[in-house]
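*Asks:* Take this structure, written in structure tokens, and hold onto it; I'll ask about it next.
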Amino acid sequence: MKILWPVALILLLFAAAPVFAEQAQGEVPDEVIFPARLGEVHFSHVDHAHWVPDCTACHHTGDFPKCSSCHGVLEDARKKTDAFHMQCKGCHREEGISTACTDCHIR
């Protein structure tokens, strides 16, 4: 019986680790707005997190800094646009979701 309590405590700590990790990352915004030449993009983080529960599918490391903190400052705004389009449109195509410009860009 003496060994049962430490084992139970260790199992409890392992089970609670994901909760502590999520709290440490901070508050995740419901919506992120990206400025864009063709109209800003209102990205519903809540909806996407529901369909893509693995954060690393979009946030490569699971962290949530600005893209430029890892990828460096993009000299050409076109590179940034291309990166978003490849990421977003690629997933939308795989899932059979429309990739029309006006589905994401709001004027």
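Using full-length UniProt numbering, the letters of the sequence shown map in sequence onto residues 1 to 107. All residues carry an ideal CB built from backbone N, CA and C; glycine is no exception.
(1) Enumerate in chain order the residues of its own chain whose CB-to-CB distance from C101 is below 7 Å, with the five nearest sequence positions on each side excluded.
(2) Measuring alpha carbon to alpha carbon, tell me which of D103, E40, H45 ends up nearest E31.
(3) By Cβ distance, which residues of its chain are closer than 6 Å to H92, with the 5 residues on each side in sequence left out?
(4) A24: buried (16+ other C-beta within 10 angstroms of its C-beta) or exposed?
(5) Less than 8 Å between the CB atoms is what I'm expecting for I106 and E40, so what's the real figure, rounded?
(6) Identify the residues that DSSP records as bridge partners of I33: which are they?
(7) Return helix, strand or coil for H59, following the three-state DSSP convention.
(8) Using the DSSP secondary-structure output, state which residues sit across from I106 in a beta bridge.
(9) Can you find the residues in the same chain that come closer than 8 Å, C-beta to C-beta, to K89, ignoring five residues on each side of it along the sequence?
(10) Taking the C-alpha atoms as reference points, what is the distance between K80 and S68?
*Replies:* Answer, in terms of the structure:
(1) L38
(2) H45
(3) T99
(4) For A24, the pLDDT reaches just 46, beneath the cut-off of 50, and the residue's location in the model is therefore unreliable, leaving the point undetermined.
(5) 6 Å
(6) H42
(7) coil
(8) E40
(9) T99
(10) 9 Å
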